Amino acid sequence: MKRIAGAAVLLLGASLALTGCWDIKTVSDYNFVTAMGIEHKEGKYVIYVELMDFGDMGSQEQAAPGDRSKVWIGKSEGETLYDAINALYKTSQQNLYWDHLMAIVFSESTLKNEINAFFDSIPRFPQIRYNTWVFGTHEPINELFKYSTFFNLSPISNLLHNPKVLHNQLSSIPPIRLNTVLANAEEKGETDFVPRLTLKPKSWEDTKQFQTVLEMSGAYALHGGKAEQKLTEKQLEGVRWVNLKTRRAVLPISSEGKRLGTVLIIKPRKKTKIVMQSGKPAISLDLKFTGVVEEVVVPSKVKQFKEIAEKKIAEEVMQTYRAGITKQTDVYDFQQYLYRRNPKAYHSLTAGSSNNGFMLTEDSLRKVKVTVRIAHTGMYDMEP
22 MKRIAGAAVL LLGASLALTG CWDIKTVSDY NFVTAMGIEH KEGKYVIYVE LMDFGDMGSQ
82 EQAAPGDRSK VWIGKSEGET LYDAINALYK TSQQNLYWDH LMAIVFSEST LKNEINAFFD
142 SIPRFPQIRY NTWVFGTHEP INELFKYSTF FNLSPISNLL HNPKVLHNQL SSIPPIRLNT
202 VLANAEEKGE TDFVPRLTLK PKSWEDTKQF QTVLEMSGAY ALHGGKAEQK LTEKQLEGVR
262 WVNLKTRRAV LPISSEGKRL GTVLIIKPRK KTKIVMQSGK PAISLDLKFT GVVEEVVVPS
322 KVKQFKEIAE KKIAEEVMQT YRAGITKQTD VYDFQQYLYR RNPKAYHSLT AGSSNNGFML
382 TEDSLRKVKV TVRIAHTGMY DMEP
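So that you can map any letter, position 120 of the sequence shown is 141 in the numbering used here, and since no number is skipped, the others follow by simple counting.
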């Protein structure tokens with residue numbers, strides 16, 4: 022009798038343990054959202070979501086020429102962002118899983134006018150992580166998502182989902198994460214650059230046809246929760262020399278219209294100094310870099326490469342600064358620097374400004390000193 026009772030207890034315990042797994046969900050029970058687009062038009066919010074197959078995310082196996090990883094794009098709209106998201110649930114067929122969201126793309130009109138509503142809504146949504154990349158675009162967002170994949174690689178190995186890899190190879194416009202955008206939204210004097218995505222139709226082709234790909238082309242200057250100004254990649258050339266996150270920048274070396282070679286610029290160092298002169302900020306920059314000669318087209322001396330590199334970097338820094346001044350944009354965060362180190366002067370200048378608190382003028386940046394140390398010249402020696 023005791024044996025029968027013991028067996029009954031064991032069977033009952035086993036059955037109770039099994040019931041705990043009956044509602045477990047597998048990967049196939051979810052739709053994984055990897056990117057989201059937001060635009061505001063005709064008084065409503067329109068959202069786009071990019072869905073990918075979880076099994077494809079780790080796949081880099083050989084595929085037929087021109088094959089791209091398949092993506093699905095959902096679209097919905099609502100009076101608010103949450104209305105739009107909830108409307109999407111009605112047609113999603115399965116649970117939408119947001120924890121793999123890697124990028125948020127804003128339309129140009131939304132960045133200029135309605136991004137503050139996003140700042141209030143998204144931080145209240147617990148499934149979206151703050152390390153998501155943020156972009157802007159003037160392209161149709163659904164078209165952007167269609168071409169986000171590249172070649173036959175994993176669908177998340179691309180500019181939209183992992184821009185840092187490309188920035189490390191060729192530093193131009195630094196990518197930005199959601200946590201930085203949210204943290205700086207109310208910061209005094211802070212300007213963030215949201216990279217601008219465009220479609221590039223004829224840079225790559227397979228054996229059959231041209232393949233459209235994504236490209237970062239300029240950026241939107243985000244200040245005070247709005248991105249009222251955008252700058253081209255050419256106008257932003259100086260940012261890479263002042264941004265300490267620059268990993269690898271290529272500088273062509275020319276003299277009198279003739280190409281001499283190419284220098285790779287790495288390891289940026291920066292010192293900023295702002296003093297008040299006659300009630301106005303006088304700014305000086307001291308920039309130092311390490312250079313590596315990557316290419317010599319015309320036999321030249323190391324000293325010549327060094328001098329041309331220093332001059333050209335200083336010119337690009339000044340040109341970008343002036344481009345920002347014309348758009349009342351502090352491209353190098355000098356106002357933030359002054360606010361941190363001399364808040365009294367900052368408040369005095371912004372209060373007395375007639376340009377919505379913008380205190381800088383073309384004459385504010387007085388001096389840009391650049392030092393480039395040529396570390397080596399590659400496999401072949403050059404005259405000093």
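Ideal Cβ placement from N, Cα and C applies to all residues, glycine included. Just so you know, these numbers come straight off a predicted model, no measurement behind them.
**Report entry** Which listed residue (Phe53, Glu71, Leu72, Gly99) has its alpha carbon closest to that of Gly64
**Finding:** Gly99
Report task. Given a cut-off of 8 Å, decide if Ala105 and Tyr66 are closer than it, judged by their beta-carbon atoms. Result -> yes
Query raised in the report: Within 8 Å (strictly less), CB to CB, does Pro405 reach chain C?
Result: Protein chain content of the structure displayed is limited to a single chain, and chain C is not contained in it.
**Report entry** Cα-Cα separation between Lys111 and Lys96, rounded to whole angstroms
**Finding:** 11 Å
Requested in this report: Determine the DSSP secondary structure at Trp262, reduced to helix, strand or coil.
Outcome: helix
Query raised in the report: Which of helix, strand or coil does DSSP assign to Glu337?
Result: helix
Requested in this report: State the Cα-Cα distance for the pair Gly282 and Met380, rounded to the nearest angstrom.
Outcome: 40 Å
Requested in this report: Rank Glu258, Ser299, Gln325, Met73 by C-alpha distance to the C-alpha of Ile274 and give the top, closest one.
Outcome: Gln325
**Report entry** Residue of Gln148, Lys322, Leu218, Asn163 minimising C-alpha distance to Tyr401
**Finding:** Lys322
**Report entry** Per-residue burial, Pro320 [other beta carbons within 10 Å of its own, 16 or more giving buried]
**Finding:** exposed
Query raised in the report: Do the stretch 339-347 and the stretch 284-295 touch if we need at least three Cβ pairs shorter than 8 Å?
Result: no
Requested in this report: Could you pull the start and end residues of the beta strand (DSSP E) that Lys251 belongs to?
Outcome: 247-252
Query - Buried or exposed (CB count within 10 angstroms, at least 16 for buried), His368 - result: exposed
Query raised in the report: Exposed or buried, which one is Thr153 when buried takes at least 16 other CB atoms within 10 Å?
Result: buried
Query - Neighbour-count burial assignment, Pro144, 16 or more Cβ in a 10 Å radius - result: exposed
Query raised in the report: How about Asp213 and Ile194: are their beta carbons less than 8 Å apart?
Result: no
Query raised in the report: Hey, would you say Tyr360 sits closer than 8 Å to Gly210, going by beta carbons?
Result: yes
Query raised in the report: Less than 8 Å separating the beta-carbons of Leu132 and Ala56?
Result: no
Requested in this report: Rank Glu315, Glu383, Lys301, Glu328 by C-alpha distance to the C-alpha of Ala372 and give the top, closest one.
Outcome: Lys301
Query raised in the report: Would you say Arg217 and Gly157 are within 8 Å of each other, going by their C-beta atoms?
Result: yes
Requested in this report: Consult DSSP for Ile143 and reduce its assignment to one of helix, strand or coil.
Outcome: helix
Query - C-alpha distance - Lys251 paired with Tyr241, whole-angstrom precision - result: 4 Å
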